[in-house]
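Here the working numbering is used: the first residue of the sequence shown is 4, the next is one more, and so on. First comes the structure, then the notes that go with it.
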Amino acid sequence: MSVAAINLDRITKRFADHVAVNGVSLSVPSGGVFGLLGPNGAGKSTTIRMIMDILKPDEGTISLFGSASRGRNFSHRVGYLPEERGLYKKMRVFDHLLFLAEIRGLSRADAKGRAHAWLDRLGIGEWTGKKVEDLSKGMQQKVQFAGALVHDPDLLILDEPFAGLDPVNAQVMKDIVVDVAKEGKTVVLSTHVMEQAERMCDQIAIIARGKLVLHGSVAQVKSDFGGSHIALGFNHGGERADSILSDRQLVDKFDHYGATVELQLAPGASSDELLHRLVNENISLRRFEIVEPSLNTIFIAKVGEEASVATRTGEAHE
Numbered sequence: 004m005s006v007a008a009i010n011l012d013r014i015t016k017r018f019a020d021h022v023a024v025n026g027v028s029l030s031v032p033s034g035g036v037f038g039l040l041g042p043n044g045a046g047k048s049t050t051i052r053m054i055m056d057i058l059k060p061d062e063g064t065i066s067l068f069g070s071a072s073r074g075r076n077f078s079h080r081v082g083y084l085p086e087e088r089g090l091y092k093k094m095r096v097f098d099h100l101l102f103l104a105e106i107r108g109l110s111r112a113d114a115k116g117r118a119h120a121w122l123d124r125l126g127i128g129e130w131t132g133k134k135v136e137d138l139s140k141g142m143q144q145k146v147q148f149a150g151a152l153v154h155d156p157d158l159l160i161l162d163e164p165f166a167g168l169d170p171v172n173a174q175v176m177k178d179i180v181v182d183v184a185k186e187g188k189t190v191v192l193s194t195h196v197m198e199q200a201e202r203m204c205d206q207i208a209i210i211a212r213g214k215l216v217l218h219g220s221v222a223q224v225k226s227d228f229g230g231s232h233i234a235l236g237f238n239h240g241g242e243r244a245d246s247i248l249s250d251r252q253l254v255d256k257f258d259h260y261g262a263t264v265e266l267q268l269a270p271g272a273s274s275d276e277l278l279h280r281l282v283n284e285n286i287s288l289r290r291f292e293i294v295e296p297s298l299n300t301i302f303i304a305k306v307g308e309e310a311s312v313a314t315r316t317g318e319a320h321e
């Protein structure tokens with residue numbers, strides 16, 4: 004059995020009277036893409052900073068590759084793209100990558116070869132001699148992404164890596180993340196965008212209000228969520244479906260996206276009954292499909308439950 008890339012055992016972090024991370028325990032297996040999911044302010048970045056040994060947990064323990072030793076001892080095995088982008092703006096792009104590669108133990112010759120390769124792969128090879136400040140924000144982000152990968156780490160930790168990128172550049176980076184995982188590396192992807200996680204992740208953990216809400220493979224999380232889920236697509240007349248969707252004897256909950264709807268049937272209700280009601284209302288359908296629940300649906304349900312519990316127990320703050 005392979006050793007986990009990351010193991011968190013009941014870690015807690017407080018800032019004054021605020022508990023940012025509250026007794027989180029989870030294991031990130033070696034290999035594949037692991038999604039650390041949660042709304043803004045959930046504690047994801049604080050958790051990552053503790054993994055990176057930037058912050059010390061007030062309670063609990065953290066191990067990387069089966070060892071409690073972290074920090075510089077594993078700098079050559081870990082690549083990190085923080086949420087707050089930080090580059091030396093007066094430094095030239097190529098020199099920046101050389102610097103990041105060499106402080107992780109690469110020789111000058113090896114660092115040069117890898118820096119050129121990554122800049123070319125990310126489509127910014129012609130900007131090698133430019134200062135960082137001369138690049139757009141998106142291009143700067145790609146430089147920092149290259150810096151996280153230039154030393155060929157076994158573990159790549161990305162905190163909101165696609166935020167602010169246009170679709171083309173975001174796709175370039177997503178493809179690289181998938182390729183890195185296929186090589187047997189471990190990628191931890193922190194995001195609050197569920198569509199990204201659903202397409203890319205093998206396993207996920209959802210954190211809300213500093214607490215672990217769920218943890219497991221994407222397939223298992225969907226299976227455990229249960230319920231009968233249906234996706235609807237309307238040609239026209241979708242607005243007339245609201246009265247049917249609001250019938251709690253038929254539909255337990257639904258997410259309405261305009262021309263499409265994802266819903267969960269109420270206990271005891273049938274898909275035949277729902278279809279019959281929609282047809283009787285002359286609502287034109289282009290899609291009626293029994294589907295797995297999306298991560299977005301699960302996220303809303305689980306994070307909403309956590310917020311409701313916090314409010315009832317007096318944990319919520321404005």
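Think of the CB as a built atom: it goes at the ideal place given N, C-alpha and C, for glycine as much as any other residue. Nothing here was measured: the structure is a model prediction, and the numbers come from that model.
Check, Outcome
"Tell me the DSSP bridge mates of Ala16?", "In the sequence under discussion, the amino acid at residue 16 is Lys, which differs from the Ala named in the question. Lys16 is bridged to Val24."
"Just verifying my parser: in three-state terms, what is the DSSP assignment at Ala234?", "strand"
"Check Gln143 in the structure and name its three-state DSSP category.", "helix"
"Tell me Gln206's beta-bridge partners as DSSP assigns them.", "Phe37 and Ser220"
"Three or more beta-carbon pairs under 8 Å between the stretch 26 to 38 and the stretch 74 to 92, yes or no?", "no"
"Can you tell which of Val171, Leu161, Met53 and Gly46 has its C-alpha closest to the C-alpha of His21?", "Gly46"
"Ala118: buried (16+ other C-beta within 10 angstroms of its C-beta) or exposed?", "buried"
"Per DSSP, what are the beta-bridge partners of Ile9 in this structure?", "Val31 and Leu67"
"Within 10 Å of its beta-carbon, does His320 have 16 or more other beta-carbons around it, so buried, or fewer, so exposed?", "Confidence is the limiting factor: at His320 the pLDDT is only 38, short of 50, which leaves the residue's position unreliable, though a coordinate-based value still follows. It counts as exposed."
"How would you label Val6, buried or exposed, when you count the other beta carbons within 10 angstroms and need 16 or more for buried?", "exposed"
"Let me check understanding here. Comparing Cα to Cα, which of Gly271, Val146 and Leu281 lies closest to Glu242?", "Leu281"
"Between the beta-carbon of Leu215 and the beta-carbon of Leu29, is there less than 9 Å?", "yes"
"Run the CB neighbour count on Phe302, radius 10 Å, all protein chains shown included, and call it buried at 16 or more, exposed below.", "buried"
"Contact defined as beta carbons within less than 8 Å: I believe Leu288 pairs with Val191. What is the distance between those atoms, to the nearest angstrom?", "Not a contact, Cβ separation roughly 40 Å."
"To the nearest angstrom, how far is it from the Cα of Ala114 to the Cα of His99?", "11 Å"
"Within 10 angstroms of the Cβ of Arg315, are there 16 or more other Cβ atoms? Answer buried if so, exposed if not.", "With a pLDDT of only 34 at Arg315, under the threshold of 50, the placement of this residue in the model should not be trusted; the figure read from the coordinates follows. When all chains shown are included, Arg315 counts as exposed."
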